[in-house]
Every structure is written in structure tokens, then in C-alpha cells.
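Written out below as C-alpha cells is the structure these notes cover.
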Amino acid sequence: MATAYQHLSDYDFDSVPNASEMSFGIVVSEWNKNITEALLKGAVETLECHGVNEDNITVLRVPGSFELTFGARLLAGTETCDAIIALGCVVRGDTPHFDYVCSSVTHGITELNLSEDIPVIFGLLTTDNMQQAEDRAGGKYGNKGDEAAITAIKMAYLNLDFSD
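End of the sequence shown = 182 in my numbering, gap-free, step of one.
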């Protein structure tokens with residue numbers, strides 16, 4: 019979570035395992051595209067910065083954040099990814115829609131982590147307004163895509179370490 023005390027893009031570079039032999043899937047929502055494309059850019063750049071070849075990153079776009087879990091399940095079914103990153107953005111509105119979508123995606127990603135053999139990383143921004151989303155998609159609090167990519171590398175490494 020980004021706060022005045024924790025920047026999403028700050029991490030110890032040397033604490034991240036070499037990812038040059040890993041493959042990643044990224045499922046990204048088309049809703050709030052200005053935000054989700056910034057998250058995607060951050061994730062891809064961070065993966066590449068840690069050695070992931072462009073050919074080893076599969077991007078799957080889905081219409082909205084609610085569809086992230088289905089897209090992640092499709093990517094998991096390919097058995098070609100060491101980890102999957104789910105990126106989306108839900109901004110609170112005047113109706114309970116926000117609560118239903120956020121809750122469903124959270125539960126869906128959790129279920130995938132329990133049922134699949136690879137980690138699925140939660141990169142969903144859940145904000146009260148568009149400014150908060152912008153602040154977390156390359157703005158003053160960094161980029162949640164960077165954070166999700168680092169988490170994906172570390173969890174993929176952990177998973178590979180335990181599956182040997």
C-alpha cells in the first residue's frame with residue numbers, strides 16, 4: 019500500500035532474484051485505461067530491468083477489473099508462466115458497484131493462489147478518486163506495476179525453490 023511512508027517503486031534492487039530464465043503473464047484491465055496502461059508499463063519495464071526477455075512476457079487484456087480473475091486463470095492454464103500479475107483500477111463511485119468489484123476480484127485472486135500451482139499477484143488499485151489512482155500509477159507514490167512485478171519475481175523464485 020502506498021503512503022507518505024512507503025513509495026511503491028522503492029525496493030532494494032539486489033534483493034530481487036535474477037529473472038532471466040523466468041516467464042510472466044500479465045492480465046490487465048482496459049477500464050480506466052490511462053491508469054492500467056501506466057501500471058502495465060511499470061510492470062513490464064521492471065521485469066525487463068531484472069532480466070526478463072520481452073518474449074517471456076505475455077500480456078492479456080480484459081474489459082474490466084472483474085474479468086481479471088478469468089484472464090489470470092486462462093494464463094495459468096497455459097502452464098508457460100512462472101507467475102501472473104493482475105493489473106486493474108477501480109475508482110469509488112456513488113453506487114455499491116465499487117465494493118462488489120473489489121471484493122470479487124480480491125476473493126478471485128485469493129482462490130487462484132490457493133488452487134493454481136503458480137502465484138497470481140494482486141495489482142488492483144482500489145481508490146476513492148482518480149487522483150489517488152494517478153498518484154499510484156507513476157505519480158507521487160510510485161507505480162503499483164513496479165511493486166507487482168517485484169512481487170511476481172520473488173514469488174516465482176520462491177515457488178521454483180519449493181518445487182525442486
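Where is the CB? At the ideal position from N, CA and C, for every residue including glycine.
Every value quoted in this text rests on a predicted model; they were computed, and no experiment measured them.
{"Query": "Just to confirm, does Leu-86 get its C-beta within under 7 Å of one of the non-hydrogen atoms of the ligand COA?", "Result": "Here there are no bound small molecules, and the ligand COA is not part of this structure."}
{"Query": "Cβ atoms of Phe-88 and Val-70: under 8 Å apart, would you say?", "Result": "no"}
{"Query": "So Cys-107 is in the beta strand (DSSP E); what residue range does that whole segment cover?", "Result": "101-109"}
{"Query": "Among residues of its own chain, excluding the 5 on either side of Ile-75, which ones have a beta-carbon nearer than 7 Å to its beta-carbon?", "Result": "Phe-42, Ile-44, Val-62 and Leu-65"}
{"Query": "Buried or exposed: where does Met-148 fall if 16 or more other Cβ atoms within 10 Å of its Cβ makes it buried?", "Result": "exposed"}
{"Query": "Within 10 angstroms of its Cβ, does Pro-81 collect 16 or more other Cβ (buried), or is it exposed?", "Result": "exposed"}
{"Query": "Can the beta-carbon of Gly-60 be found less than 8 Å from the beta-carbon of Ser-83?", "Result": "no"}
{"Query": "Quick test of your reading: Arg-110 and Thr-145, contact by CB under 8 Å. State the CB separation rounded to the nearest angstrom.", "Result": "7 Å"}
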